[in-house]
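*Asks:* Attaching a single structure in structure tokens format; questions to follow.
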Amino acid sequence: MATNETNQQLKRTLGPLMLWGLGVGYVISGMYFGWNLGLEKGGALGLAVATAVIILMYLTFTFSYTELACAIPKAGGAFDYAVRALGKDWGFLGGMAQNIEFIFAPPAIAFAIGAYLNIFLPSIPVLSIAIFAYLAFTALNIYGVQAAASFELAITAVAVIGLLLFAGSALPAVEWKNMQHNALPNGWTGAFAALPFAIWFFLAIEGVANVAEEAINPQRSVLIGFGSAILTLVILCLLTFTASVGVGGWEVIVFPEPGAAPTDSPLPLAMAHTVGQGHWLYRAVAFIGLFGLVASFHGIILAAGRATFEFGRVGYAPAWLGRVHPRFQTPSNALIANMGIGIVALLTGKTAEIITIACFGALTLYIVSMVALLRLRRKEPQLERPFRVPLYPWFPIIALIIAGLSLLAITLYNFRLAAIYLGLLLVAYVWFRLTYAEPEAGA
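Taking this note's numbering, the leading residue of the sequence shown gets 1109, the next gets one more, and so forth.
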């Protein structure tokens, strides 16, 4: 029995700085690509309003989620919180939504990595680069969380420096008239259509909670790492949005030229508008952007492995997913399974749709987590809570309302993808109900 428990335990090696690196790293690719596609839907004003609402959601959600992560520092994150507060069915919903978010976000980023490197290595197909990235970073995560987190911290620091370099060079060229030009091209409905791209600014920040079980002092480390990560990301979001749109209007960073398809490289386009493509700043920002993509890709793979591992460890998924590597003490089976699903998704080539499905999973996770927090306060008032969310119950209620309205809005604009998402949940739930066996008493 002791040996079995040992085979299911993760190694504690992470401190606050590592958790900050993971939290920022999970998200930072959203500053470098993807968010600008919301400008086509809502214009500068529409995306700005959507982003302001989403920032409020993430601030209130993050501090609420930190209470849960410090009180219940387990690898399953939202899954573990929901099971404890609401029972196994809600736990399944929260855990499956989390798995969908974390498994479907990396393929979109992998394709962006492949497309970016293909510019410098045109002889290598985009898909081949993307698949190689999956293999390499899955192997790194299997090798060890300390090595994975150290690598994540290093590339995240470079990516943050790149954003500060971009903002410092572009902000002097910002003019208010550029922010006002054609600011609401599709009316206020465009702000609702822009919501998924505003979420992309911060998607997966909650992944910090999934490595709480591997934190040296989870109650202290998660609070410091999680809190500093969300504050860093809010500042970077505001700087990036203003510096990008303000240099020449939103069309400049969406369309490389009139009539062209929307771009995934808004920052280089802004730099080209201010200093020209031959300038060293243009080349530096374009190159460092790759670090941002790699940081998020690698970090979300890490979080996804922990989420799937916990699902298997407690019997909500095949038991082999819940085993750790005997030598490296990492969730190798879960990491390999997630890689397989990710590569299949990558082969579809539907990156924008994959991002939207990941957003469905994220918003469902946020809703279930906030309900779990409110329920736990009533159900277990004596539970040790090293950190308590400020302004309770308003913070979790605000996060819950915004997440619910955002889920409704995204559903209205993406009926087909909503049906696919619900189908995934339904098939998985049927499998769960048919195969799940309650653990024996005293087991």
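All residues carry an ideal CB built from backbone N, CA and C; glycine is no exception.
According to DSSP, simplified to helix, strand and coil, what is Leu1229?
*Replies:* coil
*Asks:* Measure from the alpha carbon of Ala1507 to the alpha carbon of each residue in Leu1484, Ala1526 and Leu1471, then state which is nearest.
*Replies:* Leu1471
*Asks:* Just to confirm before moving on: does the CB-CB distance between Ala1152 and Trp1308 stay below 8 Å?
*Replies:* no
*Asks:* Can you grab the Cα-Cα spacing for the pair Ala1378 / Val1422, in whole Å?
*Replies:* The alpha-carbon atoms of Ala1378 and Val1422 are separated by roughly 48 Å.
*Asks:* Does the Cβ-Cβ distance between Ile1338 and Thr1170 come in under 8 Å?
*Replies:* yes
*Asks:* Compute the Euclidean distance between the alpha carbons of His1289 and Thr1246, then round it to the nearest angstrom.
*Replies:* 44 Å
*Asks:* Have a look at the DSSP bridge pairing and note the partners of Leu1122.
*Replies:* Per DSSP, Ala1323.
*Asks:* Please list, in chain order, all residues of the same chain as Thr1159 whose beta carbon is under 6 Å from its beta carbon, the five residues on each side excluded.
*Replies:* Ala1306
*Asks:* Keeping to the same chain, check which residues put their C-beta closer than 7 Å to that of Ile1465; ignore five residues upstream and five downstream.
*Replies:* Ile1208, Phe1212, Leu1525, Ile1528 and Tyr1529
*Asks:* Return the CA-CA distance between Lys1487 and Leu1201, expressed in angstroms with no decimal places.
*Replies:* 20 Å
*Asks:* Which word fits Lys1182, buried or exposed, when buried means at least 16 other C-beta atoms lie within 10 angstroms of its C-beta?
*Replies:* buried
*Asks:* Are the CB atoms of Ala1244 and Ala1218 within a distance shorter than 8 Å?
*Replies:* Not in contact: Ala1218 and Ala1244 (Cβ atoms no closer than 8 Å).
*Asks:* So what does DSSP say about Ser1329, is it helix, strand or coil?
*Replies:* helix
*Asks:* Which value, in whole angstroms, describes the spacing of the CA atoms of Ala1442 and Gly1315?
*Replies:* 16 Å
*Asks:* With distances taken from CA atoms, which of Ile1269, Gly1146, Ala1278 and Ala1394 is nearest Phe1228?
*Replies:* Ala1394
*Asks:* So the alpha helix (DSSP H) His1406 belongs to, where does it begin and stop?
*Replies:* Trp1388 to Arg1421
*Asks:* Looking at Ser1258: is its Cβ nearer than 8 Å to the Cβ of Phe1503?
*Replies:* Cβ distance not < 8 Å, so Ser1258 and Phe1503 don't count as in contact.
*Asks:* Which residues in the same chain have their Cβ closer than 7 Å to the Cβ of Met1447, if we skip the five residues on either side of it in sequence?
*Replies:* Tyr1242 and Thr1246
*Asks:* Can you name, in chain order, every residue of its own chain whose Cβ lies under 6 Å from the Cβ of Val1157, other than the five neighbours on each side?
*Replies:* Once the five neighbours on either side are set aside, the close Cβ partners of Val1157 are Ala1299.
*Asks:* My guess is that Glu1418 and Gly1184 are in contact by the Cβ rule of under 8 Å, so how many angstroms apart are they, rounded?
*Replies:* 3 Å
*Asks:* Here's the rule I'm using: 16 or more other beta-carbon atoms within 10 Å means buried, otherwise exposed. How should Gly1129 be labelled?
*Replies:* buried
*Asks:* Are the CB atoms of Ala1453 and Ala1351 nearer to each other than 8 Å?
*Replies:* no
*Asks:* Could you give the first and the last residue of the continuous alpha helix (DSSP H) run that contains Pro1304?
*Replies:* Leu1303 to Trp1308
*Asks:* Would you kindly work out how many angstroms separate the C-alpha atoms of Gly1195 and Gly1384, rounded to a whole number?
*Replies:* 57 Å
*Asks:* Does the beta-carbon of Ala1317 have 16 or more other beta-carbons within 10 angstroms, so that it is buried, or is it exposed?
*Replies:* buried
*Asks:* Pick from Thr1456, Glu1321 and Phe1187: whose alpha carbon is nearest that of Leu1127?
*Replies:* Glu1321
*Asks:* In angstroms with no decimal places, state the Cα-to-Cα distance between Asn1286 and Phe1540.
*Replies:* 53 Å
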